[in-house]
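Notes follow the structure.
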Amino acid sequence: MKLLFQTSLLFTLAIAMLSACNTPQQRASASLDSKLDSVSYSIGYLQGSGMAQEGLTDLDYNNYLAGLQKALEGDDADIDNMAMQSVIQEYLSEVQLAESVRRSQEAEVNREEARQFLEENAQKDGITVTESGLQYRVIEEGTGDRPAATDEVEVHYRGTLVTGEEFDSSHSRDQTATFPLNRVISGWTEGVQLMREGATYEFFIPSELGYGDNPPPGSIIPPGAVLIFEIELIDIK
């Protein structure tokens, strides 16, 4: 059973890794006919996802698979453990530095595009600009109380980029969100305090009032991006 697992896992990983070098049209689809197939695929996918998050997308897959096979078969490595740790750490540092430079350059471009967007958006009818630079328009006014920053609020919301691409939505989960107002991005904290219960506003949040150059890991939000939120304030807890 152990040998079967190792062989199936190696085969699945080999197909996945080697096909990564091919075009999308040439990539083999997974065969998930048995539980072992699904386990093998899941391990490969999760491992690949972790590697992608670390920026390990340009490895030599032949050597990767050779090392994987030796480990699974219990053979000694061709490199001692200290050398492994050293070369991996050195490589990861290089990858992280390159990614930092790339994101910094991307953020600079995005900030300029955001500045132009907000400048034009501020001239539109119905748009109010606060002292902090937050922009909003009233879709529907409410009649209830306004929350304080220390209050917990219940809301429905939808978050998009200026392109219209949605990155988060309570509507898609078919469930309202409840959270302390002082535990979210500052654009939310400021904006929701302007609303009365029952109101729906649209907010245009500059990056400095959002996630700045450091959006949540794994998010589609680029660094330096304007965030657009349509928020309905349902209740103040």
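Residue 125 in this note's numbering sits at position 116 of the sequence shown; the count goes up by one each step and never skips.
The beta carbon of each residue, even a glycine, is placed where N, CA and C say it ideally should be.
Next item on the list: Return the residue from the list Y166, E115 and Q62 that minimises the CA-CA distance to S181.
Entry: Nearest in C-alpha terms to S181, of all of Y166, E115 and Q62, is Y166.
Note to self: Going by beta-carbon coordinates alone, are L203 and R155 separated by less than 9 Å?
What the structure shows: Contact check for L203 against R155 passes: the beta carbons are separated by less than 9 Å.
Margin query: Considering Cα atoms alone, identify which of V96, A75 and S95 is closest to A86.
Written below: The shortest CA-to-CA distance from A86 to any of V96, A75 and S95 is the one to A75.
Next item on the list: Starting from the C-beta of T172, find all residues in its chain whose C-beta is less than 6 Å away, skip the five residues before and the five after it, and write them out in chain order.
Entry: Around T172, the same chain offers no residue with a beta carbon nearer than 6 Å, after the five sequence neighbours per side are excluded.
Check: Are the region 105-116 and the region 181-191 touching by the rule of at least three beta carbon pairs closer than 8 Å?
Finding: With a cut-off of 8 Å, the region 181-191 and the region 105-116 do not count as touching, because too few Cβ pairs lie within range.
Checklist line | Nearest candidate by alpha-carbon position, reference W197, set I88, P232 and L242 | finding: The shortest C-alpha separation from W197 is found at L242.
Margin query: Could you tell me the alpha carbon to alpha carbon distance between Q56 and G200, rounded to whole angstroms?
Written below: The straight-line gap separating the alpha-carbon atoms of Q56 and G200 is approximately 40 Å.
Notebook entry, point to check: Is the distance from the Cβ of P226 to the Cβ of A116 below 9 Å?
Noted result: Their beta carbons are not under 9 Å apart, which means P226 does not touch A116 by this criterion.
Check: For N72, does the count of other Cβ atoms within 10 angstroms reach 16, so buried, or fall short, so exposed?
Finding: Its Cβ having fewer than 16 others within 10 Å, N72 is exposed.
Next item on the list: On the DSSP bridge assignment, give the partners of P189 in chain order.
Entry: P189 is bridged to E161.
Checklist line | Rounded C-alpha distance that separates Q125 from R111 | finding: Q125 and R111: Cα-Cα distance of roughly 22 Å.
Item checked: Span separating the alpha-carbon of I237 from that of I194 -> If you draw a straight line from the Cα of I237 to the Cα of I194, it comes to about 13 Å.
Notebook entry, point to check: Under the three-state reduction of DSSP, which class applies to S43: helix, strand or coil?
Noted result: S43: coil per DSSP, three-state reduction.
Checklist line | Identity of the residues DSSP links to F213 by a beta bridge | finding: The partner list for F213 (beta bridge, DSSP) reads Q144 and I237.
Checklist line | Spatial distance of V118 from G221 (CA atoms) | finding: Roughly 13 Å between the two C-alpha positions.
Notebook entry, point to check: Under the three-state reduction of DSSP, which class applies to S109: helix, strand or coil?
Noted result: In the structure shown, S109 sits in a helix (DSSP, three-state: H, G or I).
Item checked: Secondary structure of R205, DSSP reduced to three states -> Correct three-state label for R205: coil.
Notebook entry, point to check: Whose C-beta lies closer than 8 Å to the C-beta of R205 among residues of the same chain, with five residues either side of it excluded?
Noted result: Taking C-beta separations shorter than 8 Å and ignoring five residues to either side along the sequence, the partners of R205 in its chain run E150, G151, T152, G153, D154, R155 and L242, following chain order.
Next item on the list: Indicate the three-state DSSP secondary structure (helix, strand or coil) for E149 in the structure shown.
Entry: DSSP places E149 in strand when its eight states are reduced to three.
Check: For G53, which of helix, strand or coil comes out of DSSP?
Finding: Looking at G53 - three-state DSSP - the assignment turns out to be helix.
Next item on the list: For L41, count neighbouring Cβ atoms within 10 angstroms of its own Cβ and tell me buried if that reaches 16, exposed if not.
Entry: It counts as exposed.
Next item on the list: Throw me the rounded Cβ distance for the L218 and S141 pair, which I believe falls under 8 Å.
Entry: About 6 Å; that satisfies the 8 Å criterion.
Notebook entry, point to check: Which class does Q167 belong to by DSSP, given the choice of helix, strand or coil?
Noted result: The identity of residue 167 in the sequence shown is Arg, whereas the question assumes Gln. Here R167 sits in strand by DSSP.
Check: Per DSSP, which one or two residues make a beta bridge with I194?
Finding: Partner(s): none; I194 has no beta bridge.
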